[in-house]
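Be aware that the sequence shown starts at 0, since it is given in numbering that gives the first Met the number 0, and climbs by one per residue. Glycine included, every Cβ here is placed at the ideal spot set by N, Cα and C. What follows is one structure encoded as structure tokens, with my remarks underneath.
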Amino acid sequence: MSLSVNNAFSARGVSRRRVLRNTLALAGSFCLASPHLAWAAPEIDGALNERFMRLSGLLVNHQLDEEVGRKMAIHAARHFKQLETLIDELLATAEGRKARRVEAFFDDVPEGPARELAYWIIAAWYSGSSDSSPEATLFTYERALTYQTTLDMTPIPSFGLSAPNGWQIASAPLDALPDF
């Protein structure tokens, strides 16, 4: 029976070698094309990315990753009309107040697209994604600020015991606590 099937394929001009060769060629073309598709991602110019990172540094007082910021800036350029104008407006407001932190200038940002962009940048850095929808663009997971130790937090050692009936044991004395 298998002999008749092989003869039927070879009678029509399809051989195993040809099928294997064509399959490998198709798989190889996908492998070779995928890096080119990744390179086709839209880019933004360096000046806009630098201004976006400077604004992000003012809005979010943390050490920010340049690669994540570039991904966010590309997404923002697609979804916020007049991104450059809004960034320049926010930076001008911050520079007018000589601000180093968001608290120093955010109240002066008027309601509207500039404030929406500022809120979006803050939320994107903390969540690592563009929004909370299932179709959101993920920028990062490991470097999202929600999962980083915050700069304004001081760890205080715990001397609690977690054994059964450990609450009855006298606690160790605390001394040399930090002054705030």
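Would you list the residues sitting across from residue i in a DSSP beta bridge?
| i | result |
| --- | --- |
| S128 | L137 |
Pop quiz: residue i and residue j are said to be a contact at Cβ under 8 Å. What is the actual Cβ separation, rounded to whole angstroms?
| i | j | result |
| --- | --- | --- |
| S113 | L89 | Before going on, a small fix: residue 113 reads as Ala here, not Ser. About 6 Å separates the two Cβ atoms, so the contact holds. |
| S55 | W124 | 6 Å |
| L63 | V101 | At roughly 13 Å, the Cβ-Cβ gap does not stay under 8 Å, so L63 and V101 are not in contact. |
Here's the rule I'm using: 16 or more other beta-carbon atoms within 10 Å means buried, otherwise exposed. How should residue i be labelled?
| i | result |
| --- | --- |
| F104 | buried |
| S129 | buried |
| G45 | exposed |
| G127 | buried |
| F138 | buried |
Should residue i and residue j be called a contact, given that it needs their Cβ atoms to be closer than 9 Å?
| i | j | result |
| --- | --- | --- |
| L116 | A75 | yes |
| D107 | T92 | yes |
| T136 | K70 | yes |
| I86 | E42 | no |
| G27 | M52 | no |
| Q147 | H78 | no |
For the ligand GDP, is there a heavy atom less than 8 Å away from the beta-carbon of residue i?
| i | result |
| --- | --- |
| T84 | In the structure shown, the ligand GDP is absent, as is every other ligand, since no ligand is present at all. |
> Which full runs of the alpha helix (DSSP H) of 4+ residues lie inside the segment 38-108, going along the chain?
Replying inline: 45-58, 65-78 and 82-95
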